[in-house]
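Residue numbers (this note's numbering): 3 to 242.
Virtual Cβ for every residue (Gly too), placed ideally from N, Cα, C.
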């Protein structure tokens, strides 16, 4: 225990972890957090030209804690990831998942929220153990369709999934927002992350701590969007 105590003091004295390019120090000094926004509703989007969505709101709160304002860049994911490589932005958000091909070469944060796609049943009902012959509604283009068909379900693509009768295949936060009871089988699982430039370890730690502390408020905003009938847009990862 004594050894670990001395190590902790030594690491603290050395100022570790450190940013190789002083990202956090610059943000505090200049009062500007440069954030990249990938449009991926309901996580992020634009309303009257202004960034919106739970992740965008969280970035604004992070900047406020650091005594800074947010300078936004709205662009496709690939463009923003290149901007991270060139250190033109400090963080990128937009419902990005840990499976993104970019994260290995950048500073991927710890997953702050795991989302799962399941089949859900209306209030007071349960999802049958077998979906053979069952009618299940999905959003247009949902990759849940082929898996459900392989299980013998009859898949119906509907534009307004939140109004579809009977069983629906959707993310867990959508099902929770609708008051639906989720089944056991997982159609898809994603871990949501924020991404920062590589080597900025102090900044990455700050971002990780912040977003983990704000995971539940973000989830609550997602539930509210589901109750409002908002339809998630397809991410660039899904389109690839």
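Residue i - DSSP class collapsed to helix/strand/coil
i	result
residue 92	coil
residue 128	coil
residue 208	helix
residue 31	helix
residue 173	strand
residue 20	coil
residue 122	strand
residue 148	helix
residue 56	helix
residue 160	coil
residue 202	strand
residue 64	helix
residue 25	helix
residue 133	coil
residue 5	Any reading at residue 5 is ruled out, since the residue's pLDDT is 36, under 50, leaving its predicted position unreliable.
residue 143	coil
residue 51	coil
Residue i - containing alpha helix (DSSP H), residue span
i	result
residue 111	From DSSP, residue 111 is part of no alpha helix (DSSP H); its letter is neither H nor E.
residue 183	Careful: residue 183 lies outside any alpha helix (DSSP H), inside the beta strand (DSSP E) at 183 to 194.
Closest residue to residue i among the options (Cα-Cα distance)
i	options	result
residue 213	112, 139, 166	112
residue 33	71, 210, 161	71
residue 26	73, 207, 182, 230	207
residue 171	217, 50, 119, 209	119
residue 115	218, 232, 235, 229	218
residue 166	154, 155, 180	180
residue 20	204, 209, 231	204
residue 156	53, 40, 121	121
residue 103	79, 174, 88, 168	79
residue 230	177, 184, 52	177
Start and end residues, beta strand (DSSP E) containing residue i
i	result
residue 101	Looking at the DSSP string, residue 101 is not in any beta strand (DSSP E), and its letter there is neither H nor E.
residue 41	Careful: residue 41 lies outside any beta strand (DSSP E) and carries neither H nor E.
residue 154	Here residue 154 belongs to no beta strand (DSSP E), and DSSP marks it neither H nor E.
residue 75	71 to 76
Quick check: the stretch 195 to 207 against the stretch 90 to 98, are there 3 or more CB pairs under 8 angstroms?
Flag = yes, the stretch 195 to 207 and the stretch 90 to 98 touch.
Counting pairs of Cβ atoms below 8 angstroms between the stretch 58 to 70 and the stretch 158 to 165, do you hit three or more?
no
Counting beta carbon pairs with one atom in the stretch 188 to 197 and one in the stretch 95 to 108, are three or more of them shorter than 8 angstroms?
yes
At a cut of 8 angstroms, does the stretch 141 to 151 reach the stretch 220 to 230 through at least three beta carbon pairs?
no
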